[in-house]
């Protein structure tokens, strides 16, 4: 009886292990190579790849304990196949001790209109205080189109005055939900935003740094547009029963909304890629992509010529979104040309639903 029971558990482990291995490979690369206009399921699965990467390691360790040669080999092969994707969620670059003299620092931050998600009783904008004290040469903001707005009254006069003093060159977005602050002269470049892509905004600027110049594209790609109840479904999936209930709700409204968002971002990404293809010289594309590294929209924008400051200079796993238990890396800083990212970091302030990210660049 014990032998039969042991055999049943072993076979069950094999079946579960093979399923996890297959799903890991699909989640690693499916969202990168399968257009969401064909099917969005691989893109949705891509969001879960960090979890599958951990499960791969767990399967491998259990296989060692069970002395299952077949499953150990299968786990090693799966990890090898997924290795590039694993590196993209956990780069291991050594930090550079000093910032370069010939270069600039850039802060990218979705500030959620200055609303304080963590401390609503605050009588000033903690997000803007972070910007003021960041020391960044250039600041790209999303979900903020001007310093003085009616959206939020957290911005104090003292904060606005400080920002105008630190950053004499400010390009407000007007109706476009992004803006830039710079210590260096800025020329706003013409852009054209296609209609029908909800929550998609971008702006472009030519920043002059002495004898050099850099074109910076500041973007906000279409969001998932989940309402409070739908976000709560995800946030409440902690037990097996809650996961089952959440899966039922995913099959109805959530999957439809996620699929629509992936398709809209695919179109928006084409717009950004076509735009930067017309630009010569050094280019930085940063902002709230609302999508992870090596997703379809990310790869469309990055193409074969752009590098990622996080992958080139970051260390360890990264989450830039901090709300609703959705700890994804969806804010990115891409670049090309005679630039090198020498440092990358993330702020830990949780006033916005996004963390700020920053990079130091050197010219060469």
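Residue numbers (the numbering used here): 9 to 372.
Just so it is clear, CB atoms sit at the ideal spot from N, CA and C, and this is done for glycine as well.
Query: Once DSSP output is grouped into helix, strand and coil, what is the label at residue 333?; Result: coil
Query: Give the straight-line distance between the Cα atoms of residue 189 and residue 205, rounded to the nearest whole angstrom.; Result: 26 Å
Query: Can you tell me which residues form a DSSP beta bridge with residue 111?; Result: 370
Query: Evaluate residue 342 with the Cβ neighbour count: other Cβ atoms within 10 Å of its Cβ, from every protein chain shown; 16 or more gives buried, anything less gives exposed.; Result: buried
Query: Can you look up residue 217 in the DSSP assignment and give me helix, strand or coil?; Result: strand
Query: In terms of residues, what are the limits of the alpha helix (DSSP H) holding residue 64?; Result: 57-74
Query: Suppose you measure from the CA of residue 130 to the CA of residue 162; what does that come to, to the nearest Å?; Result: 8 Å
Query: Select from 208, 233, 220 the residue whose C-alpha is nearest the C-alpha of residue 227.; Result: 208
Query: Using CA atoms only, rank isn't needed, just tell me which of 62, 305, 121, 213 is closest to residue 154.; Result: 121
Query: Please report how far the alpha carbon of residue 284 lies from the alpha carbon of residue 64, in whole angstroms.; Result: 38 Å
Query: Assuming residue 366 and residue 110 make a contact with CB atoms under 8 Å, what is their CB distance in whole Å?; Result: Not a contact, Cβ separation roughly 18 Å.
Query: Please look up how many angstroms separate the CB atoms of residue 224 and residue 213, rounded, as I've assumed it's under 8 Å.; Result: 5 Å
Query: Give every residue of the same chain whose Cβ lies closer than 6 Å to the Cβ of residue 305, excluding the five residues on either side of it in the sequence, and list them in chain order.; Result: 273, 274, 277, 299
Query: Report the partner residues of residue 197 according to the DSSP bridge assignment.; Result: 212
Query: Quick one: which unbroken alpha helix (DSSP H) runs of 4-plus residues sit fully inside the stretch 131-176? Chain order, please.; Result: 134-142, 165-174
Query: Is there contact between the stretch 343-361 and the stretch 313-324, where contact requires at least three CB pairs shorter than 8 Å?; Result: yes
Query: Going straight from the alpha carbon of residue 23 to that of residue 324, what length do you get?; Result: 31 Å
Query: Return the chain-ordered list of same chain residues with a C-beta closer than 6 Å to the C-beta of residue 48, the five sequence neighbours on each side being excluded.; Result: 267, 270
Query: Between 340, 333, 290, which has its C-alpha nearest residue 303's C-alpha?; Result: 340
Query: Note the first and the last residue of the continuous alpha helix (DSSP H) segment covering residue 262.; Result: Looking at the DSSP string, residue 262 is not in any alpha helix (DSSP H), and its letter there is neither H nor E.
Query: Going by alpha carbons, who is nearest to residue 59 out of 360, 32, 174, 199?; Result: 32
Query: Could you give the DSSP three-state label for residue 355: helix, strand or coil?; Result: coil
Query: For the candidate residues 14, 41, 140, 151, whose alpha-carbon lies nearest to that of residue 171?; Result: 140
Query: Residue 315 by DSSP, collapsed to three states: which one?; Result: strand
Query: Taking the continuous beta strand (DSSP E) assigned at residue 51, which residues delimit it?; Result: Residue 51 -> not in any beta strand (DSSP E); alpha helix (DSSP H) instead, spanning 49-54.
Query: Between which two residues does the alpha helix (DSSP H) harbouring residue 79 extend?; Result: 77-89
Query: Determine the DSSP secondary structure at residue 277, reduced to helix, strand or coil.; Result: helix
Query: Check whether the Cβ atoms of residue 37 and residue 88 sit closer than 8 Å, and answer yes or no.; Result: no
Query: Need the endpoints of the beta strand (DSSP E) that residue 341 sits in, please.; Result: 339-344
Query: Which residues does DSSP pair with residue 226 in a beta bridge?; Result: 211, 294
Query: Residues in its own chain within less than 6 Å of residue 142 by CB, not counting five upstream and five downstream?; Result: 115
Query: Specify, as a first and last residue, the run of the beta strand (DSSP E) that residue 190 falls within.; Result: 186-190
Query: When you compare each of 194, 330, 157 to residue 217 by their alpha carbons, which one comes out closest?; Result: 194
Query: Does DSSP classify residue 350 as helix, strand or coil?; Result: strand
Query: Looking only at its chain, what residues have a beta carbon closer than 7 Å to the beta carbon of residue 184, apart from the 5 residues adjacent to it on each side?; Result: 153, 209, 211
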